[in-house]
Amino acid sequence: MSKGDKGHFEFLDGFPADVVAVEAKGRIEADDYENTLIPEIEARISKEGKVNLLYVLGPDFEGFSAGAAWEDAELGLRHIGDFARVAVVSDKAWVRGAVRMFAPLVGAEVQAFRMEELDKAKEWITRYRPESEPEPGVEAEYKIPPLEDKIPPVG
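This is the structure:
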């Protein structure tokens, strides 16, 4: 893909319905998000509930415009609780660094992979099944004794 070619998102086949698998090619602009990626993710969330995102930024990826970066951030904030897992696959160091920096802000498990680990990323993103999500609660092996045990006897 040459620098003059319009960037786009290409959806990848062969994944469960709750996985949005997409590869960014060329220079991604805000309208690529608005017209392609956002409608697909929102349709899947509406149909499936929580979704998993496999986001490939391979050798044909040339970067984001400022507007695309804004759309990406806005998408993440608008759907902060709607992702179960996010796998980002790229050999670009700045992409993997950004994933590590922003992962704590995402309400999902996030992992970065290198392009050579694409099969590992595909396996990781499809392994999560919402029905296997643990029930809310606290698991503790050590119990704190009740306060009554710490009060000295009167008398």
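Numbering (this note's numbering), first residue to last: 1074 to 1228. Ideal Cβ positions, reconstructed from N, Cα and C, are used throughout, including at glycine. Quick caveat: nothing in here was measured; it's all calculated off a predicted structure.
Short Cβ contact (8 Å threshold) for residue i with residue j
i, j, result
"H1081", "I1114", "no"
"G1065", "E1102", "In the structure as shown, the chain starts at 1074 and stops at 1228, and residue 1065 therefore has no counterpart that could be examined."
"K1234", "L1127", "This structure leaves residue 1234 out entirely; the chain is present only between 1074 and 1228."
"G1122", "G1154", "no"
"G1087", "D1133", "no"
"T1229", "P1112", "The question about residue 1229 has no answer here: the residues shown for the chain are numbered 1074 through 1228."
Straight-line Cα distance separating residue j from residue i
i, j, result
"G1091", "V1172", "In the sequence as presented, Gly is not what sits at residue 1091; that position holds Asp. When rounded, the distance between both Cα atoms is 21 Å."
"E1182", "G1170", "16 Å"
"V1093", "E1147", "17 Å"
"K1079", "K1120", "30 Å"
"M1188", "E1144", "24 Å"
"E1083", "E1190", "19 Å"
"T1109", "W1167", "24 Å"
"A1116", "F1137", "23 Å"
"A1185", "D1105", "22 Å"
"L1178", "L1150", "9 Å"
The ligand MN heavy atom lying under 7 Å from the CB of residue i
i, result
"A1141", "No copy of the ligand MN occurs in the structure displayed, which carries no ligand at all."
Backbone secondary structure at residue i - three-state DSSP
i, result
"F1082", "strand"
"A1094", "strand"
"G1087", "coil"
"I1153", "coil"
"V1124", "strand"
"E1102", "coil"
"S1138", "coil"
"A1171", "helix"
"A1166", "helix"
"R1158", "strand"
Whole-Å CB distance - residue i paired with residue j, under 8 Å assumed
i, j, result
"F1156", "N1125", "7 Å"
>> Any contact between the stretch 1180 to 1198 and the stretch 1153 to 1167? By contact I mean 3 or more CB pairs, one from each, below 8 Å.
In response: yes
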